[in-house]
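**Student:**
There are 2 protein chains.
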Amino acid sequence: MGPSTAFFPLPTVLIGTGTVEESDVTAVAWMTVATATPPSFAIALRDSRRSLEQIRATGELTVNLPNRDLVAETDYCGLVSGRNAEKAKVAGLVLEQGAKVTAPIVTGCKYSFECKVTAEYPLGEYALVIAEIVETQADEDALTEHGQLDIGKIAPLVYCGGLREYREIGQKVADAYKVGRPLLADE
Amino acid sequence: MGPSTAFFPLPTVLIGTGTVEESDVTAVAWMTVATATPPSFAIALRDSRRSLEQIRATGELTVNLPNRDLVAETDYCGLVSGRNAEKAKVAGLVLEQGAKVTAPIVTGCKYSFECKVTAEYPLGEYALVIAEIVETQADEDALTEHGQLDIGKIAPLVYCGGLREYREIGQKVADAYKVGRPLLADE
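Residue numbers (this note's numbering), protein chains in the order written: chain A, 1 to 187; chain B, 1 to 187.
1. Classify tyrosine 177 of chain B as helix, strand or coil using the three-state DSSP reduction.
2. Would you call the segment 178 to 185 of chain B and the segment 4 to 20 of chain B touching, i.e. three or more CB-CB distances under 8 Å?
3. Compute the distance between the beta-carbons of valine 101 of chain A and threonine 62 of chain A, then report whether it is under 8 Å.
4. Here's a check: name, in chain order, each residue in its chain whose Cβ is nearer than 8 Å to the Cβ of glutamate 165 of chain B, leaving out the five neighbours to either side.
5. Pull up the DSSP beta-bridge partners for isoleucine 15 of chain B, would you.
6. If you draw a straight line from the alpha carbon of threonine 107 of chain A to that of leucine 10 of chain B, how long is it in whole angstroms?
7. Count Cβ pairs between the segment 116 to 131 of chain A and the segment 33 to 48 of chain A that sit closer than 8 Å; are there 3 or more?
8. Residues bridged to glutamine 97 of chain B by DSSP?
9. Going by alpha carbons, who is nearest to threonine 12 of chain B out of B:Tyr121, B:Ala142 and B:Leu70?
10. Identify which residue in B:Lys116, B:Asp139 and B:Ile154 has its Cα closest to the Cα of isoleucine 169 of chain B.
11. Alpha carbons only, please: which of B:Ile55, B:Gly162, B:Arg83 and B:Tyr126 is nearest the one belonging to glutamine 148 of chain A?
12. The alpha helix (DSSP H) spanning glutamine 137 of chain B covers which residue range?
13. Could you tell me the alpha carbon to alpha carbon distance between histidine 146 of chain B and valine 173 of chain A, rounded to whole angstroms?
14. Would you mind giving the Cβ-Cβ distance between aspartate 47 of chain B and glutamate 120 of chain B, rounded to the nearest angstrom? I have them listed as a contact below 8 Å.
15. Is there a C-beta anywhere in chain A that falls below 8 Å from the one on glutamate 165 of chain B?
16. Here's the rule I'm using: 16 or more other beta-carbon atoms within 10 Å means buried, otherwise exposed. How should lysine 89 of chain B be labelled?
17. Rounded C-beta distance between proline 104 of chain A and valine 28 of chain A? I'm assuming under 8 Å.
18. Just reading off the alpha helix (DSSP H) that arginine 50 of chain A is part of, what are its end residues?
19. Would lysine 116 of chain A pass as an interface residue toward chain B - the criterion being a Cβ-Cβ separation below 8 Å?
20. Beta-carbon separation of glutamate 114 of chain A and glycine 98 of chain A under 8 Å?
21. Return no unless some Cβ of chain B is closer than 8 Å to the Cβ of glutamate 168 of chain A.
22. Residues of chain A with CB closer than 7 Å to the CB of arginine 68 of chain B, please, in chain order.
23. Using beta carbons (cut-off 8 Å, strictly below), is glutamine 54 of chain B in contact with chain A?
24. Under 8 Å between beta-carbons, which chain A residues line up against glutamine 137 of chain B? List them in chain order, please.
25. Determine, for aspartate 75 of chain A, whether the minimum Cβ-Cβ distance to residues of chain B falls below 8 Å.
26. So with CB distances below 7 Å, who are the chain A contacts of glycine 152 of chain B?
27. In or out: threonine 144 of chain B buried (at least 16 other Cβ within 10 Å) or exposed?
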């Protein structure tokens, strides 16, 4: 079918940059965990993004997981540039300074990561930002009664590249590091 | 809650490396699209992986999307090293040479990408491999009657990091690049 970036599932996050007073909030799907040593994300940002400018200036960013209640606001934050609009204000997003970084957290998201940039690699029209996770914050109502992350309550959006759809996370299929164990006996 | 890589949703793919005869097939969740110019993935692989050795030797890999029918096989391919087992054989995966690369496609997956490596960046115990997408292949039964990708038929697995769960993709929430448009009027 020819080369294509129609890939899925991808996450849907809001990247917070700058400060609460002078913020940018950008919707990003092209990102992943990149290493555990130290815990870090790799985040692809278009070269022209104002958020990239702010990331370069401060060396900080936050990664926030919106749910379906924020899907219009999230989409909006991917449609426009922070150069042309005060996105958080227009979208009605409430920002709060991170605990370990000055970059703003999106308080409407139940689960957020605070990051400090450790490297940046140029990739065509994009820059791949490597950001060390220095803190995570979860709302009380994002946790189980045992204090564990409750994915049903966080209800993060799934982005389907190529199809341009936001979806929900579906039913559990199996436990990782477990369901494949019986095959070990066949080696 | 402290630094953590408990992030979701993530994709679940099988990375095919080497050749059909001398293959490695590895389960990976830490990957994303990284740029559109040229279309490329960023894939994090642990330094010690045999697949990384094969990628360095051939400069090629494939990215294959398994569905729930292959969840045990996929999990198994993440549990063991290709150094210690002929994983494709043990898991009963049928491999076929790619159209534009020598690296093996996993034929049980309905949607696959063929890639040529363009860069590699060291990241702690991981290497971040940048791989240009040179071809995609979708099974007939992965398409709608109009020849478009049908995500319901491909039914890719979603990986939930930290929770160590494979899940399905859920219901559609909204159209991207669309649901946020009404907010443009508020600028």
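The beta-carbon is built from N, C-alpha and C at its ideal position, and this holds for glycine as well.
**Tutor:** With the given structure in hand:
1. coil
2. no
3. yes
4. Tyr159
5. B:Thr26 and B:Val63
6. 23 Å
7. yes
8. B:Pro104
9. B:Leu70
10. B:Ile154
11. B:Gly162
12. Counting along the chain, glutamine 137 of chain B falls outside any alpha helix (DSSP H), though it belongs to the beta strand (DSSP E) covering 126 to 138.
13. 29 Å
14. Not really, about 11 Å apart at Cβ, beyond 8 Å.
15. yes
16. exposed
17. That belief does not hold up - the Cβ atoms of proline 104 of chain A and valine 28 of chain A are roughly 15 Å apart, past 8 Å.
18. 50 to 58
19. no
20. yes
21. yes
22. Val173
23. no
24. Met1
25. yes
26. Ordered by position in chain A, no residue passes the 7 Å Cβ test against glycine 152 of chain B, which lies about 11 Å from the chain.
27. exposed
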